[in-house]
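Step one of this worksheet: look at the structure below.
In the numbering used here, the protein residues as written are 2 to 110.
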């Protein structure tokens, strides 16, 4: 699933802005990280404070994650976008089995 770097201030602001995803998803490659996707995340209560329908972005509906959840967070909505790494299951599917968070050795040339 990759390594997620999350901006908590954006998660709690109750907004979805295409240019400012709440999380960047990287895959380790040797000692480096390669950007493979982004994730849009919004706290459900903050979203519904100003909206009557669940969020969507460019026609893609967000997935609702209730509580309790594996993150220990209040309910939220999420949408993954695998923009820089193919996902055999689809570009907006939550899990990408082709992405790892394992540190991989880069072969020497």
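Idealized CB from N, CA, C, for every residue including glycine.
task = Drop a sphere of 10 angstroms on the beta-carbon of residue 52, count the other beta-carbons inside from all chains shown, and report buried for 16 or more, exposed for fewer.
result = Counting from 1 along the chain shown, the entry for residue 52 is found at position 51. Exposed, by the Cβ-count rule.
request  = State the Cα-Cα distance for the pair residue 15 and residue 95, rounded to the nearest angstrom.
outcome  = Residue numbering aside, residue 15 sits at position 14 when the chain shown is read from its first letter. Residue numbering aside, residue 95 sits at position 94 when the chain shown is read from its first letter. Taking the straight line from one Cα to the other gives about 21 Å.
key: Which listed residue (35, 47, 6) has its alpha carbon closest to that of residue 78   = Walking along the chain shown from the start, residue 78 turns up at place 77. Nearest neighbour of residue 78 by Cα position, chosen from 35, 47, 6, turns out to be 47.
request  = Would you check if there are 3 or more beta carbon pairs closer than 8 Å linking the region 29-39 to the region 50-65?
outcome  = Because the criterion of three Cβ pairs below 8 Å is not met, the region 29-39 and the region 50-65 do not touch.
ask   = Taking the Cβ atom as the reference point for each residue, do residue 25 and residue 58 lie within a distance shorter than 8 Å?
value = In the chain shown, residue 25 corresponds to position 24, counting from 1. In the chain shown, residue 58 corresponds to position 57, counting from 1. Against a cut-off of 8 Å, the Cβ pair of residue 58 and residue 25 comes out as no contact.
message = How far does the beta strand (DSSP E) with residue 33 in it extend, from its first residue to its last?
response = On the chain shown, residue 33 is found 32 positions in, with the first residue counted as 1. Where residue 33 is concerned, the enclosing beta strand (DSSP E) stretches over 33-44.
When 20, 28, 8 are compared against residue 102, the one with the closest alpha-carbon = Residue 102 sits at position 101 when you count from the first residue of the chain shown. The residue with the shortest Cα to Cα distance from residue 102 is 28.
ask   = Taking C-beta to C-beta, are residue 22 and residue 6 nearer than 8 Å?
value = What you label residue 22 is simply residue 21 of the chain shown in a count that begins at 1. What you label residue 6 is simply residue 5 of the chain shown in a count that begins at 1. No, Cβ-Cβ distance for residue 22 and residue 6 is not below 8 Å.
ask   = In whole angstroms, what separates the C-alpha of residue 72 from that of residue 66?
value = Residue numbering aside, residue 72 sits at position 71 when the chain shown is read from its first letter. Residue numbering aside, residue 66 sits at position 65 when the chain shown is read from its first letter. Cα to Cα, residue 72 sits roughly 10 Å from residue 66.
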